[in-house]
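Participant: Each number in the working numbering corresponds to the 1-based position in the sequence shown with 689 added.
Sharing a structure here in structure tokens format.
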Amino acid sequence: MKKIINNIFFIPTPSNISLMWNFGSMLGVSMAIQSISGVFISMHYCNNTLLAFNSYIFLSKVIINGMILQMTHTHFSSIIFIIMYIHIMKSLLNKSFNKKMMWITGNLMLFMTMASAFMGYVLPWGQMSFWGATVITNILSSIPFLGKKIVFWVWGSFSVSNPTLNRFFSLHFLLPLIILMMSMIHLSILHEKGSSNQMGIFSSKDKIYFNKSFMFKDLISFMLLIMIYCLLLTFYIDFHFSMAKENFFPADPLNTPLHIKPEWYFMFAYAILRSVPSKIGGIMSLLILFLMFIFLMFNKSKHSKFYFLKKMMIFIFLTCFIILTNMGYKLIEYPFTEISLVFGLIMILVMTLI
């Protein structure tokens, strides 16, 4: 136990790292808050298609402090993805992807968090939840030979229905536990290999112990995070800024929304997916982008501190991400699909140059 504590608190750390290195610890705190609020919400949730939406409304309207609990869980999912995307951008700028095992575990956590967030989006069983689940799970039908069988297996029926909701509820509860174990592996690898350096040089000669200087910096970030959320909770308690208005209506299989859209943190992927007229083409373009992102760990280019072109490529990548996120909110019509296609191709091209 003493060795574990020493590895956590007395790890040698480069003395010149800044508050930009605190996003990992902020993610840990946000995940903990999300998990705790999720456990309490699950005590009032009924995973049945006839009762799920009513239990969701009952929690917010009848249970004491249920609205606070619900808003905490809803808004912290957005906060987690904001912090996660900033954390990834920092990793790209500081060439952290060359630490292969850290990059692999980080990517696995990203994909599992996205899967868990998608399943959580389906659980309220609102109009957008139902149709979002129908559209996204249908992607699996593109798998050659086994696609349709896999879709029916995921659905548990001939359409998205009660068995689907039960499976999503179980997996939504299970995935955070796997993410927690993966984060422990991620943290142990970080403490073994050390943090990246904003100077882009090997800094073994200039290190200090993590405790007490960096512990204090982490506490500042935690306090700032909680303060921002408390302000949101105080002044915008009933302001569902990250939710579609269609999700406040019960799921209706006979009434399709005008525009099916997921949460904002999936919009860049959704825009790429629907920009190609062919379903296979959209899936392949998205798969290529994700695979190229994973295989960055084999990149041998210079640190962005000494390679201005690389820094420019990363900021172009960020610009494409923001534009694609915005395009995902638009209707599937000219010129939005064409803009999504162009910036999706630019995004893939930039990944080859980073």
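C-beta atoms are modelled at their ideal positions from N, C-alpha and C, and glycine is treated no differently.
1) For Pro833, does the three-state DSSP call read helix, strand or coil?
2) Hey, would you say Tyr954 sits closer than 8 Å to Phe770, going by beta carbons?
3) Helix, strand or coil for Pro852 per DSSP?
4) When the Cα of Lys779 is compared with those of Ile768, Asn736, Ile1003, which residue comes out closest?
5) Rank Ile1035, Glu952, Phe1032, Ile1011 by C-alpha distance to the C-alpha of Ala804 and give the top, closest one.
6) My assumption, with CB atoms under 8 Å, is that Met790 sits in contact with Ile878. Please give the rounded CB distance.
7) Counting only runs that start and end within the segment 758 to 827, where is the alpha helix (DSSP H) found for 4 or more residues in a row?
8) I'd like the list of long-range same chain contacts for His733, defined as Cβ closer than 8 Å, with 5 residues on each side in sequence excluded.
9) Does the segment 905 to 922 come close enough to the segment 785 to 800 that 3 or more CB-CB pairs lie under 8 Å?
10) Is His948 buried or exposed, if buried means 16 or more other CB atoms sit within 10 Å of its CB?
11) Is the beta carbon of Gly717 closer than 8 Å to that of Ser850?
12) Is Pro942 helix, strand or coil by DSSP?
13) Would you kindly work out how many angstroms separate the C-alpha atoms of Ala806 and Leu829, rounded to a whole number?
14) Considering only their Cβ atoms, is the gap separating Phe857 from Leu812 smaller than 8 Å?
15) How is Ser885 classed by DSSP in three states: helix, strand or coil?
16) So, at 6 Å on beta carbons, what are the nonlocal neighbours of Ser910 in its own chain, with the 5 sequence-adjacent residues on each side left out?
17) Assess, as a yes-or-no matter, whether the segment 961 to 969 is touched by the segment 1019 to 1031 under the definition of 3 or more beta carbon pairs within less than 8 Å.
18) Locate the alpha helix (DSSP H) running through Glu952, then write down its first and last residues.
19) Under a three-way DSSP split, which group does Ile1043 fall into?
20) Return the residue from the list Ile983, Asn737, Tyr996, Lys999 that minimises the CA-CA distance to Ser859.
21) Run through DSSP, which three-state label would Ile1021 get?
22) For the alpha helix (DSSP H) that Tyr745 lies in, which residues bound it at each end?
23) Assuming Phe1006 and Met986 form a contact by the criterion Cβ under 8 Å, report the distance between their Cβ atoms to the nearest whole angstrom.
24) Straight-line CA distance for Met904 to Asn1015?
25) So, are the CB atoms of Ser846 and Asn936 less than 8 Å apart?
Facilitator: The short version:
1) Here Pro833 carries a coil assignment [DSSP, helix/strand/coil].
2) Going by C-beta atoms, Tyr954 is nearer than 8 Å to Phe770.
3) Correct three-state label for Pro852: helix.
4) Here the closest residue by C-alpha is Ile1003.
5) That would be Glu952, whose Cα lies nearest to the Cα of Ala804.
6) Indeed they touch by this definition, with Cβ atoms about 5 Å apart.
7) When DSSP assignments are scanned along the segment 758 to 827, the uninterrupted stretches of alpha helix (DSSP H) that are 4 or more residues long and fall wholly within it turn out to be 789 to 811, 816 to 826.
8) These residues qualify, in order along the chain: Ser744, Phe747, Leu748, Ile752, Gly755.
9) No, the segment 785 to 800 is not in contact with the segment 905 to 922.
10) It is exposed - the Cβ of His948 has fewer than 16 other Cβ atoms within 10 Å.
11) Their beta carbons are not under 8 Å apart, which means Ser850 does not touch Gly717 by this criterion.
12) Residue state, collapsed to three classes: coil.
13) Between Ala806 and Leu829, the C-alpha separation is close to 18 Å.
14) When the beta-carbon positions are compared, Leu812 and Phe857 come within less than 8 Å of each other.
15) The three-state secondary structure of Ser885, taken from DSSP, is coil.
16) If we look at Ser910 and ignore the five residues flanking it on each side, its Cβ neighbours are Asn711, Met715.
17) Cβ pair count under 8 Å is three or more, so yes.
18) Counted as a single uninterrupted DSSP element, the stretch harbouring Glu952 is not any alpha helix (DSSP H), since DSSP gives it neither H nor E.
19) Coil.
20) Ranking the options by Cα distance to Ser859, first place goes to Asn737.
21) In this structure, Ile1021 counts as coil in the three-state DSSP scheme.
22) Per DSSP, Tyr745 is one residue of the alpha helix (DSSP H) stretching across 741 to 750.
23) With a contact defined as Cβ atoms closer than 8 Å, Phe1006 and Met986 miss out at about 17 Å.
24) Each residue's alpha carbon lies about 37 Å from the other.
25) In this structure, Ser846 keeps its C-beta atom at 8 Å or more from the C-beta atom of Asn936.
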